[in-house]
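Report on one structure; see the data block that follows.
Chains as they are written, first to last, in UniProt numbering: chain A, 1 to 251; chain B, 1 to 251; chain C, 1 to 251; chain D, 1 to 251; chain E, 1 to 251; chain F, 1 to 251; chain G, 1 to 251; chain H, 1 to 251.
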């Protein structure tokens, strides 16, 4: 309930359309709608272009269908993260308007009609090897779904870093760069030494031995010699996409 | 060595001022200056307004004086982090042009004459309690030293969150917000639910039992329900200041 | 051996039905029955309404059937935790009087004839998302099986917190609230700020990266800024149900 | 702002004492006061008898004096936790109305005039050895300061468990029991096997080797075979006191 | 090469059967046979009755058959640990003289003809619940295979502790007691308080949440208030059996 | 309360000295005395020769004096562990009958008049370097105080292992061997390969980097290739002494 | 771009074949080629004989085929690590010139025609048990593929250490020794005490309980009493092979 | 006892100087001297030029003096590691022939008269910042003390990497390079990309937050993308020096 609808409410009280008890009842939901903001604010999300997001990992296909259908009824944008291909198949059977992105394990709803948001520039997503592409794709699709132009450099395993440097314009033009890396997580530091825009490091769980689970990559990024590296949770491509979108938003 | 000096070099080869071997010798240092960029790039730092930084924790006062003096001779800006008050006293005795910031444990050099950088807006630094002020101050002074206008909300312990909300304009006007928090590290999530600009969480080592060392706060921020929270290392106010400055930079 | 049977024993000694050595022999088992209390006290459990519980995870269907049959023969109430659906099917085939609760992975026996225990009020179970429902159900069914009226708020994923606040009466009326949450585990702190009754936090293993396994949620709850939050083991819905029942018991 | 003051506000709008813009301005602070509740709610705390609490560990004596003076001016009750004796001396010199509790490292303000809260019974605090007394005292004084009658059993090291059992009435009469234990943290399980009221385990950092820091005790309590044990953070006597008070409150 | 064969060697040198160089050559293998003892001493093992042991977990059925056949050819006793039932089936098909113990996941060879070793008494194996029986069986069969009389108390889940105390003679008569326990690992401490013989605690990986993997049980046993508890690796029933046999050996 | 006093009690009931209610009251304390055994059994300790032990680390000198004085009044043996030299000085001033062992940080009371216990043989204490002597001494003095003949091999740093082998008789004669080691904790495995008696490994916190705190040594011992190694907590010389005494006791 | 091609470039500038802008453009790629070296230097790899390596674990068969085909087109040597047998089958179907090594989980390309590199001697690979052979084979094949003569000692489980000592010549002749070990990881220390050449320890994830994952072995090797042991990541046979090759290279 | 003295022994048996029992007695110490090699082999150390080393951290000045004096009497080389300056002062007072190296915290004995060992080339020690110099110096002095020519590049904090590249000849000429680094430990990977000789990474405990203790640096090096990096324990400059010496030794 924004200021104008609050004003309308009071005016209706003043002109007698609403009684005092009725007005009090309506105001009763204020705290609810405010506190709800602490974790999940429909209004803010829609206002800023971030769609409703369903964390799909621990939900059944049925649960996801139910929630997604409700969202689609509200005509809102839709993003379901961490959906494996079997579960996705079951969902898309019932909600054919959804698109499944296999590598990113994402389900996206139809793009809403609203025009593109006002952005500062292009977001760049980089990853070192083919093993990290799944998370990089999650980041790329999230940022794109939030209305940002996105470019990506991860087309070829071992030659990746080389191609990266071959495309210095992309590096120079980006308003925010997402770097996805496993193992010792050194790539974001390297990129951070080449550009002046904000760099977001996404550690991945690719690795073995002491590198398994992505903790070595996470620690490497948190202790990077490149000052000012932004770090998100291991394998959290979705969060990196959101952060890049927030940076790229023109205020 | 930038493009224009490279051009000058080649012209001197063309006009005979330099021989071919002399030119090759000078070009020999190219890789050095380039690779050096991987971790520490003078040119880029000066260009983007980020001053030389000395990590003071594990250095003696003598070592710091020697390095700082060399930097001051180059007329560059100067920042020394994590200097305790005793060490600072010894340093300032010999380098009286430095200023010591007691809570932030920072030494800063004289501001350079160059005009203010082109920034998008104001950076806001928030912390929950008086216990986190040291790290918040490190972030604030770093961002300020990089040429950003900075505001802070942490003047009064327990009533802090209240005042925060009393100053919603500051929240609304900020182009980036740094939130410093110990314990379970929930404050950045709360702030992330109130604003649309990028939020940077700095976990602090304030806490005891399972909260000692700041790992509970770090994990809380990495797993926040507020999508897109940027996280830096525990107690890394300096890094948060650099990241906020990168976001606030007008490209 | 309770006080009355002890009295009977001594009376039989006094009237000569038992000799002194025979009485000593019977008393010999006292320590056994007492020490047994340290971990498992049949008498106390029955007296307080807590049924026999079988931890089903690492047992075969055959083992569970054997133990459960013995308990049912004693006409006691019965609860088997952490039984997957395949194992449950095998068990219910042989013990059709048991009911399987799919989400909670619980098997419960027939309710005993004894009247409801004397309780203070209603227990409320809350969880944030559909992913945590399994553990929340374990808590709810446990508390209910112990004779408590229980209400639950977790009918709809993302809109959950909103509905929670829409039902402030439930919050106000609860004598104890169980809050089940994964990720950074912030929900119990939020609830703890809204109510004055005891709040029990149950961290769940829902999450990924640094949140995998539930340790981030556990640490978040142990370091909560809401003073006096009670915490139980990760995924321990059963324990939370028992604790809530103990709080709700009218002495 | 409760319902009646909200009603008053609207009535003043209706009778013309306030203009529509003035009313909107006053309603503007609603979200603030509500969200503030998420972490720190003055009204609720005073209402439920929980005093303002200052976490003293990472604050200077001057900072504590400033905050405490403000609270005393508001005539509120006062509790400062984790204050070492040197810092306490400096504080009490300036605020002689405060009392320092040496073992518990607590500073308490004068008891307020309000009558005792309506409680269910007596809280019992138990600890195994003299090494754990500091944390046990923190729990005891906190519960007492919140208006609860408290009894304690930890007067004599090795013989402690013996005396405990010698005072079975205290165990039987308690409405909540706080058990403080280091090492493997087994005592709460033992007590949990003897009583039917809620038991709160407080792991302490007393121990060495793998027991150092209190993690063995914490894990022992979280995995206790006594179902329904409530656990708080390591060394968190204050939190245990608050939880016991919440359980003991007559609704 | 023992002392007598060394003496024989020197005598052959003295009587001219061997030349000096030939003697030196034979002595050359001394270090080898000695150092080998550091980890694996055939002679000592046979002498003390400990059979050759094959760690079966990471070996293929073919590898185990090859090694076992070689051992059987040497007529030595044989023990293969951690063999799952499928692998065991493949092995027994080819080596029908081996016996597979399903719960203990052990393969044992035929008992050798040598008479029973000289032992002090009976070894007792205890476990709390049916979930720990696999490891308890590994311990029991190992000790038995080493020639010790063994008794076990773990025939019935929840009622186990009760039966334990009902058989106090077994407790009193044991020369060493192995106690297998998961969760918080408290049972060895309880048994340690009841007997005067050495108690060996075996933590098991049975548990969930913070108890998963057995670390809570391990820490509980290492920090036990029962002084002098011997601890072995998590799930190491085999090691516990060997230790009990060493204690029970009459020197 | 042992069997004879129980018999006396029943006889007094039979001869009328006690009424039935009085007898029931006295029997009421049975559980207390039994459960107490779970952790601390005076009778058993005295019976088996293990003295009362005070864990001195977290206690003040005054607290230790009070407890020790009570024990000395009961003429029992006395052992105070982990007492630093300053605290020891304050204690011995008031209790001059105590002896302080500087390296072992132990205080021992006067030896009681009772004759030596019936033991199997000699206990041997070995440590690799001078750095581990403190813990080795704690083990040695504990075992000695419990009435065991003890020998030690740790007189000279680097040459220690050499001397060990020079004294193979000591190795052969020992009925139990305690091996104290830091770093990677390999020494107990080596000794375990040389002897057939039980070997007790005590990891110490001597080490740096990943070896700091003793966890590398602990893990090394728990995963030793020497089957049947008994392990105690890091730096727990006292526990090792008790375990060796239990093994060495002639039943 | 090496010095000679740089010289050529400048000469073409001097003789007018290239204009100044064209020369600047070509020099522009310098940083790229240099920085690329930071992580992946084609030239250096080929020069030193280390082939292109594809980390196969997280890649699909299709991805591997695509990358491998590109490499084979360049006539370079080829190594694909961590390929399970199913994936290998799919790859070899399409690239029959590759050879799959089952135990090592490696795919190797055809050996290139270039003569053997100039090496110092033979590399020796040792492992304790059959369980570690997979990693040992990865090391062996890697070193061999890099042109080194390699010998291996791990033909027979339990008797391995014995055979090792039986082949002291191999130990004496090796220019570098790779020792692969799980459990407590003691074997590299033992070998380190027998030879004077560099020893490389490879911890394996073979083990259970606290040994699971290989951390006990890793810590054992990092804290070894054998000074100068080189350690690589858990299960990193490939890295050990590369390190041994670097040591064995004749400069 | 080497082969020649063994031959002498047998000859004395043959010529009657020794009886058979006397010879057997002398041979009895063989195993001792051999097994001793497992951890500490005087002969091998002297033979390979590695001096006796005393780990000074946990030893008193008196203990060190005693051991060092014994070594000096044997005219052997001497190295004492991890000696703080106060302890060093006390030792040097009594043993003035020792030299204390303040930064490296090393005490070295007089160089022995033996000529330089046969080495392959020069060892290079690199560290990033002045904070890591202590550990780098420990490595440098150790390698030097073992008879190797050593060069070092760490004279100037921030400009270090630049100078490194300015001295590419040193990089090219080194036969082994030790790279000391804290924080995220990336420097060894960078150096590994520039050279073909073996690179040894030494993680240091310099860092804060998640970098404290050196684990981030250790994990970064173990998971490096530079294949074949050798890693030693955190802060283990001494071990790196020994490893480099072993690599540099001409066989």
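Note that beta-carbon positions come from the ideal geometry of N, C-alpha and C, so glycine has one too. Keep in mind that this is a model prediction, so the values were computed, not measured.
Does the segment 84 to 100 of chain D come within contact of the segment 55 to 63 of chain D, defined as at least 3 CB pairs closer than 8 Å? Short answer: they touch.
Quick check on residue 168/H: does DSSP put it in helix, strand or coil? Three-state result, residue 168/H: helix.
Tell me, to the nearest whole angstrom, how far the beta carbon of residue 210/A is from that of residue 218/G; I am working on the premise that it is less than 8 Å. Contact between residue 210/A and residue 218/G holds, since their C-beta atoms are separated by about 7 Å, short of 8 Å.
Which of helix, strand or coil DSSP assigns to residue 153/E: Strand, per DSSP.
Enumerated in chain order, which unbroken segments of the alpha helix (DSSP H) with a length of 4 residues or greater are wholly contained in the UniProt domain "PurE" (121 to 251) of chain A? As far as the UniProt domain "PurE" (121 to 251) of chain A is concerned, its whole alpha helix (DSSP H) runs of at least 4 residues are 133 to 145, 160 to 166, 168 to 173, 187 to 192, 215 to 222, 237 to 248.
If we define contact as Cβ-Cβ less than 8 Å, is residue 213/H a contact residue for chain B? Not an interface residue.
Distance, residue 12/D Cα to residue 18/D Cα: Distance between the alpha carbons of residue 18/D and residue 12/D is about 6 Å.
In whole angstroms, what is the alpha-carbon distance linking residue 78/B and residue 207/H? Going from the Cα of residue 78/B to the Cα of residue 207/H covers about 21 Å.
Where does the unbroken beta strand (DSSP E) through residue 101/D begin, and where does it stop? Looking at the DSSP string, the run of the beta strand (DSSP E) that includes residue 101/D is 99 to 101.
Residue 66/H - containing beta strand (DSSP E), residue span: Residue 66/H -> not in any beta strand (DSSP E); alpha helix (DSSP H) instead, spanning 61 to 73.
Chain G partners of residue 55/E, CB-CB under 8 Å? The answer, in chain order, is 129, 131.
Kindly say whether residue 184/C, judged by its beta-carbon, lies nearer than 8 Å to any beta-carbon of chain B. For residue 184/C, at least one C-beta of chain B is nearer than 8 Å to its own C-beta.
Excluding the 5 residues flanking residue 135/C on each side, which residues of the same chain have their C-beta closer than 7 Å to its C-beta? Sequence-distant partners of residue 135/C (beyond 5 residues in either direction) whose C-beta falls short of 7 Å from its own C-beta, in its chain, are 180, 202, 204, 235, 237.
Residue 100/F CB to nearest chain H CB: under 8 Å? No, its Cβ sits nowhere closer than 8 Å to a Cβ of chain H.
Using beta carbons (cut-off 8 Å, strictly below), is residue 189/C in contact with chain B? Residue 189/C has a beta carbon lying within less than 8 Å of a beta carbon in chain B.
Residue range of the beta strand (DSSP E) that includes residue 92/E: Per DSSP, residue 92/E lies in no beta strand (DSSP E) segment; the continuous alpha helix (DSSP H) that holds it begins and ends at 85 to 94.
With a Cβ-Cβ cutoff of 8 Å, do residue 178/H and residue 212/H count as a contact? Cβ atoms of residue 178/H and residue 212/H: not closer than 8 Å.
With burial defined as no fewer than 16 other Cβ atoms inside 10 Å of the residue's Cβ, what is the status of residue 145/B: buried or exposed? Looking at its Cβ environment, which holds 16 or more other Cβ atoms inside 10 Å, residue 145/B is buried.
Quick check: does the Cβ of residue 168/H come within less than 7 Å of any heavy atom belonging to the ligand GTP? As far as ligands go, the structure on display features none, and thus does not contain the ligand GTP.
Starting from residue 107/H, trace the beta strand (DSSP E) in both directions and tell me its first and last residue. It spans 106 to 108 - the beta strand (DSSP E) in which residue 107/H sits, taken as one unbroken run.
Note down the Cα distance separating residue 103/D from residue 250/D, rounded to an integer number of angstroms. Each residue's Cα considered, the two are about 30 Å apart.
So, at 6 Å on beta carbons, what are the nonlocal neighbours of residue 143/F in its own chain, with the 5 sequence-adjacent residues on each side left out? Excluding residues within five positions, the ones whose Cβ falls inside 6 Å are 123, 150, 241, 244, 245.
Using 8 Å as the threshold, is the C-beta distance between residue 152/D and residue 195/D below it? The answer is no: Cβ separation not under 8 Å.
Using the rule of at least 16 other Cβ atoms within 10 Å of the residue's Cβ for burial, across every protein chain shown, is residue 85/G buried or exposed? Exposed, by the Cβ-count rule.
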